[in-house]
Amino acid sequence: MRPDHWVKTRPRGLVVLPILSGLWLAIGVGILGALTPGYSHITQFMSALGADGAPFAAWTNYAVFIPAEILLLAFLALLRASCEDSKATRVALICLFSYAALLIAAAVLPCDAGCQSAGEGASNTNAHIAHMAIAATAYPLALIGLVTLGLSAPKASPLRRVALPAALVGVGLFVAIAVFEDAQGLVQRLLETWIYLHFILIGKVAASSVSSPPE
């Protein structure tokens, strides 16, 4: 690929990839949720669709979750090539790359049926324990990465202006997953949507800077 073609293509990728990743995830979960008997988008985690014994587990994990994260990793690779190389951006991108990679790992290690802790006298599988630990680590890493990237942006950047308020909302949603057990699925989807909106904003800002670099 010629350098000039790369420069023209990169802004489109920065805008399109996070949108495509989010739509892939949302549409895939929506369709498979509708096909799964008794599944609730309000009370159940998205991972329950890919849980051990779920009717469409393989489709959920390998045709929805993993492709969505691969698209996100491709976006982050383009973002890495577009960002100024500073300590803050390196830390932020490491966190964001880790978020996407951990969610791929969570798809490979599905939770037990229903993605709930085992009742008294029972125990969860090692895959379930690993899955829940990975998910509990991935979301904070995403929030840390987003706020760090935002605070490293120029003062006039919209990323800088929304960084702290957005981080507070994100932390609130993450905590709410544990607090509102009867609405865990809904809160998780709100958190995912919040994270993806930030990726889309970051992509648009980065694409603008690539298309119109400072003289």
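Residues -5 to 209 in my numbering are what the sequence shown lists, from first letter to last. The C-beta atom is built at its ideal place from N, Cα and C for all residues, glycine as well. The model shown is predicted, which means the values in this text are computed figures rather than measured ones.
When DSSP states are grouped into helix, strand and coil, C77 belongs to the coil group. Secondary structure note for V58: it is in no alpha helix (DSSP H), with a DSSP letter that is neither H nor E. DSSP places T142 inside the alpha helix (DSSP H), whose first and last residues are 120 to 145. Between S15 and L90, the beta carbon gap of about 12 Å keeps them out of contact (Cβ cut-off 8 Å). DSSP places Q182 in the helix class (H, G or I) of the three-state scheme. Pairing A71 with K198, the inter-Cα distance amounts to about 15 Å. Taking the Cα positions, H35 is about 39 Å away from E78. Looking from the CA of S92, the closest CA among S117, G139, R183 belongs to G139.
Looking from the CA of A86, the closest CA among L137, L8, Y33, G27 belongs to L137.
Taken through DSSP and simplified to helix, strand or coil, G32 comes out as coil. Shown here, F168 sits in a helix according to DSSP, grouped into three states.
I98 places its beta carbon less than 9 Å from that of I60. Cβ contact annotation for G22 (same chain, cutoff 6 Å, sequence separation greater than five): V58, in chain order.
A Cβ-Cβ distance of about 15 Å is found for the pair F174 and Y133, leaving them out of contact under the 8 Å criterion. With 16 or more other Cβ atoms from the protein chains shown falling within 10 Å of its own Cβ, A200 counts as buried.
Note on geometry: alpha-carbon atoms of K81 and S151 lie some 18 Å from one another. S117 and L19 have their C-alpha atoms roughly 30 Å apart. The C-beta of A129 has 16 or more other C-beta atoms within 10 Å across all chains shown, which makes the residue buried. DSSP assignment within the segment 86 to 118 yields no whole beta strand (DSSP E) run of 3 residues or more. Using a Cβ-Cβ distance cut-off of 8 Å, the segment 43 to 52 and the segment 157 to 167 are not in contact, since fewer than three pairs of beta carbons, one from each stretch, lie closer than that value. Distance check between P12 and each of A51, A157, G27, E63 places E63 closest, using alpha-carbon atoms only.
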